[in-house]
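S.K.: Okay, here's the structure, questions in a sec.
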DNA sequence: ATGAAAGCGCTAACAA
DNA sequence: TTGTTAGCGCTTTCAT
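Protein chains in written order, with full-length UniProt numbering: chain A, 1 to 341; chain B, 1 to 341.
Structure below.
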């Protein structure tokens, strides 16, 4: 490989000279839809290849007023559901010609500070799939007219597109699954910290129970993790005789509870208690758990988010939209099935 | 909020005028270590805040010849170990003032194509924690003198810094753990597709066994996943009487095998067979598994990778380094402990 | 279809 | 310490 010893970056100027054309032509060769002859394009592409030229997107973005960078703000990235969501969202962005900048934000303050960093790059859009994005981000994005889509976050704040699960359906489905399993003395396990999607589905469940005149007990956990579910078993174990069905607001919580109940309290599931989770993370299907759960499709969610964002990039005047995702009940091993089936 | 109706982006020029100084002064106010008076800086910062000004990093990068963008190329992002690794790496980048562009690459060809995309952004560095990065990437990075660090990839290709686990130690540790558990008829379960770290640790184990005159059986799985481990149980179950200890090249594989053995073959672990995994993913510690494993610290690995990358950014002439990570054996519930303890 | 020239928003010499 | 000036590498009218 005959690379010149000088470390100089190849610019469009170099390519232009090499191909015997002007810089404009080089630019056009890399801009699709530009008015350029086939022969000229071929010549330029050839030269570019020989010299190892790559368009400098920083410079291009400076001119065109938009980088093709997008921001993905995510919390709890190392959680199964979120990891999947982010992976698909990132892939989708790339496939559509954008590059995702990944910002991991664990707290609201943090996420606010981080998001502002995105503005430094003139990002074309932002996807937020963090538990607690501050609403300040939205106003700021609006001010700069940067498309923003929130995943599983309330649509209370106007000016942002949303992709979310149907929390009411989740609550109803959880009740229905438990009911089908013959459970009548119900409970819910939910994190004490508020969040749209997780708290929402739990509350919807409670509401549905009330509607059916079978009020549900409420247990709270410190967060949505496996360990929080495990801890919750300490509280739920002793009261097992007052219950026969419980809805856990996340699969991770359900898995922890399951392990706590089975291994620390010797309580049999589903014989003694039916358990339903929510999300359908991979681990829920593992043989040791076979967790009955409500599936929300992370891939669909991520793809919808990216798709809406790109649509808004193309047409910023489009009316704000909310994509409500459909849910699927999955009876596996932690709910008794009715005899007729 | 009195935001002007015109959508014009605020530039340093606007701030300069508002603050009654020149654009240079504005620039200096945002460049640390620049020579500027406190009063001037205060004035500028104040104006910037009022106008909602943000430095345009695209323009800055164009000038300074480096964006503070870095690339993170990762495969299997929705796998527990990788998710953690990427999360920490991203956080660390951000903390140190860089922004990570996330590229998810599942195959070698793909990762090659993707990496080249990074060059469009003048990334300051690249971290590759993908199974199969092509070595072409490295030569290309070298040509452009872009720092690159490979995580858990062989250091066979010179010109790149590496962070990796000590595969020989892993093999030795696995043998030792199994041996301590009284296992004498050993086996290993490894994916049939080659990869530096995963195949490496398995081979190191086989070598150690050979050295101790207790040759190990080799079972192969289609990949490193839970399901692959589950499938492997079909092959291993029938031969259980010829074995009493097995090393699985990844925790996920071990978890799958465990479930297959226990739930489909009614084989008791560790009574009938001792199992040792590798990685120490979160699920390994879950009550249903209590997997004995070899811990490699994902956080340490990610932080080391970022740290080395930044060091090289500062001093590109630094000698190539390889950070070898120390491993910790973790006896949990899938290995019998010797009586004296 | 192509080239010349202007400028995107910023930083970095240099001069004052 | 500050302002002036000249680009960074690209795209984009506007002529040709």
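Quick reminder that beta carbons are idealized off the backbone N, C-alpha and C, glycines included.
Given the structure is predicted, the values throughout are model-derived calculations rather than measurements.
1. Assess contact between the region 185-196 of chain B and the region 290-310 of chain B, defined as three or more Cβ pairs (one per stretch) separated by less than 8 Å. Is contact present?
2. Which stretch, first to last residue, makes up the alpha helix (DSSP H) that contains residue 71/A?
3. Out of 178/B, 260/B, 241/B and 70/B, state which residue places its alpha-carbon closest to the alpha-carbon of residue 97/B.
4. At a cut of 8 Å, does the region 223-239 of chain A reach the region 161-173 of chain A through at least three beta carbon pairs?
5. Do you know how far the Cα of residue 90/A is from the Cα of residue 148/B?
6. Quick check: what's the CA-CA separation for residue 333/B versus residue 32/B?
7. So what does DSSP say about residue 353/B, is it helix, strand or coil?
8. If distances are taken between C-alpha atoms only, which option among 254/B, 34/B and 127/B comes closest to residue 105/B?
9. Are the Cβ atoms of residue 208/A and residue 224/A separated by less than 8 Å?
10. Determine the direct distance from the alpha carbon of residue 61/A to that of residue 344/A, and round the result to whole angstroms.
11. Can you name the residues of chain A whose CB is closer than 7 Å to the CB of residue 84/B?
12. Could you please give the first and the last residue of the uninterrupted beta strand (DSSP E) stretch that includes residue 104/B?
13. In its own chain, which residues sit with a C-beta less than 7 Å from the C-beta of residue 66/A, not counting the 5 before and 5 after it?
14. To the nearest angstrom, report how far apart residue 320/A and residue 247/B are at their CA atoms.
15. Name the chain A residues whose beta carbon is nearer than 9 Å to that of residue 55/B?
16. Residue 90/B touches chain A at which residues, Cβ-Cβ below 8 Å?
17. Mind listing the chain A neighbours of residue 160/B? Cutoff is C-beta to C-beta under 7 Å, in chain order.
18. Could you tell me the distance, in whole angstroms, from the CA atom of residue 76/B to the CA atom of residue 103/B?
19. To the nearest angstrom, how far is the alpha carbon of residue 276/A from that of residue 186/A?
20. Using a Cβ-Cβ cutoff of less than 6 Å, which residues in the same chain neighbour residue 318/A once the five nearest sequence positions on both sides are dropped?
21. Quick one: what does DSSP say residue 93/A is sitting in, helix, strand or coil?
22. Among 11/A, 72/A, 21/A and 88/A, which residue has its Cα nearest to the Cα of residue 120/B?
23. Could you say which of 273/B, 88/B, 25/B and 166/B lies nearest to residue 329/B if we only look at CA atoms?
24. Between which two residues does the alpha helix (DSSP H) holding residue 197/A run?
25. Out of 243/B, 230/B, 188/B and 204/B, which has the shortest C-alpha to C-alpha gap to residue 219/B?
26. Report yes if the CB atom of residue 15/A is closer than 8 Å to the CB atom of residue 57/A, and no otherwise.
27. Taking any Cβ of chain A, which residues in the UniProt domain "HTH lacI-type" (10-64) of chain B have a Cβ under 9 Å from it, in chain order?
28. I'd like to check one pair, residue 303/B with residue 80/B: are the Cβ atoms closer than 8 Å?
29. Chain A partners of residue 87/B, CB-CB under 7 Å?
30. Could you give the first and the last residue of the continuous beta strand (DSSP E) run that contains residue 64/A?
31. In chain A, which residues lie with their C-beta within 9 Å of the C-beta of residue 312/B?
32. How many angstroms separate the CA atom of residue 4/A from the CA atom of residue 140/B?
33. In chain order, what residues of the same chain have a beta carbon less than 6 Å from the beta carbon of residue 375/B, not counting five sequence neighbours either side?
34. What are the boundary residues of the alpha helix (DSSP H) that includes residue 248/A?
35. How many angstroms separate the CA atom of residue 49/A from the CA atom of residue 114/B?
M.R.: In terms of the structure at hand:
1. no
2. Sequence index remark: in the first chain, residue 71/A carries index 71 (1-based). No alpha helix (DSSP H) contains residue 71/A, which is instead part of the beta strand (DSSP E) from 69-74.
3. Numbered from its first residue, the second chain carries residue 97/B at position 97. It is 70/B whose Cα lies nearest to the Cα of residue 97/B.
4. Counting Cβ pairs under 8 Å, fewer than three are found: no touch.
5. Taking the first residue of the second chain as 1, we reach residue 148/B at position 148. Taking the first residue of the first chain as 1, we reach residue 90/A at position 90. Cα to Cα, the separation comes out at about 21 Å.
6. Start at 1 with the first residue of the second chain, and residue 333/B comes out as number 333. Start at 1 with the first residue of the second chain, and residue 32/B comes out as number 32. Whole-angstrom Cα-Cα distance: 54 Å.
7. As shown, chain B starts at 1 and ends at 341. That puts residue 353/B outside it, with no answer to give.
8. Here residue 105/B refers to the residue found at position 105 when the second chain is read from its first residue. Here the closest residue by C-alpha is 127/B.
9. The sequence position of residue 208/A within the first chain is 208, counting from 1. The sequence position of residue 224/A within the first chain is 224, counting from 1. Result no, Cβ atoms of residue 208/A and residue 224/A do not sit closer than 8 Å.
10. A query on residue 344/A cannot be resolved here, the shown segment of chain A reaching from 1 to 341 and no further.
11. As a working mapping, residue 84/B is identified with position 84 in the second chain. By Cβ distance, chain A contributes 78.
12. What you label residue 104/B is simply residue 104 of the second chain in a count that begins at 1. 99-104 is the span of the beta strand (DSSP E), which, as asked, contains residue 104/B.
13. As a working mapping, residue 66/A is identified with position 66 in the first chain. Counting only Cβ-Cβ distances below 7 Å, and skipping sequence neighbours, we find 122 and 124.
14. In the first chain, the residue the question calls residue 320/A occupies position 320. In the second chain, the residue the question calls residue 247/B occupies position 247. Going from the Cα of residue 320/A to the Cα of residue 247/B covers about 54 Å.
15. In the second chain, the residue the question calls residue 55/B occupies position 55. Chain A residues near residue 55/B: 120.
16. Taking the second chain and counting its residues from 1, one reaches residue 90/B at position 90. By Cβ distance, chain A contributes 77, 102, 103 and 104.
17. For the purposes of this step, residue 160/B is taken as the residue at position 160 of the second chain. Under the 7 Å cutoff, chain A gives no residues; its nearest Cβ is about 17 Å from residue 160/B.
18. Translated into positions along the second chain, residue 76/B becomes position 76. Translated into positions along the second chain, residue 103/B becomes position 103. Residue 76/B and residue 103/B have their alpha carbons spaced roughly 11 Å apart.
19. Looking up residue 276/A in the first chain gives position 276. Looking up residue 186/A in the first chain gives position 186. Rounded to whole angstroms, residue 276/A to residue 186/A spans 11 Å at the Cα level.
20. As a working mapping, residue 318/A is identified with position 318 in the first chain. Around residue 318/A: 312.
21. Translated into the one-based positions of the first chain, residue 93/A becomes position 93. Residue state for residue 93/A is assigned as helix, using DSSP reduced to three classes.
22. Your numbering for residue 120/B matches position 120 in the second chain. Among 11/A, 72/A, 21/A and 88/A, the Cα nearest to that of residue 120/B belongs to 11/A.
23. By one-based count along the second chain, residue 329/B stands at place 329. Considering only alpha carbons, the answer is 166/B.
24. Along the first chain, one-based indexing puts residue 197/A at 197. It spans 196-211 - the alpha helix (DSSP H) in which residue 197/A sits, taken as one unbroken run.
25. Within the second chain, residue 219/B is the residue found at index 219, counting from 1. It is 188/B.
26. Here residue 15/A refers to the residue found at position 15 of the first chain. Here residue 57/A refers to the residue found at position 57 of the first chain. No, they are not a contact pair.
27. 52, 54, 55, 56, 57, 58, 59, 60, 61 and 62
28. Counting from one through the second chain, the residue named residue 80/B turns up at place 80. Counting from one through the second chain, the residue named residue 303/B turns up at place 303. Contact: no.
29. For the purposes of this step, residue 87/B is identified with residue 87 of the second chain, where counting begins at 1. The answer, in chain order, is 77, 78 and 104.
30. Here the question's residue 64/A lines up with position 64 in the first chain. Unbroken run through residue 64/A is the alpha helix (DSSP H), 57-64; no beta strand (DSSP E).
31. Within the second chain, residue 312/B is the residue found at index 312, counting from 1. In chain order: nothing, as chain A lies at least about 15 Å away.
32. Reading the first chain from its first residue, position 4 is the one you call residue 4/A. Reading the second chain from its first residue, position 140 is the one you call residue 140/B. At residue 4/A, the pLDDT of 33 sits below 50, so the modelled position is not reliable and the matter cannot be decided from this model.
33. In the structure as shown, chain B begins at 1 and stops at 341. Residue 375/B is therefore absent and cannot be evaluated.
34. Indexing the first chain from 1 puts residue 248/A at position 248. No alpha helix (DSSP H) contains residue 248/A, which is instead part of the beta strand (DSSP E) from 245-248.
35. Position 49 of the first chain, counting from 1, holds the residue named residue 49/A. Position 114 of the second chain, counting from 1, holds the residue named residue 114/B. Computed Cα separation, rounded: 17 Å.
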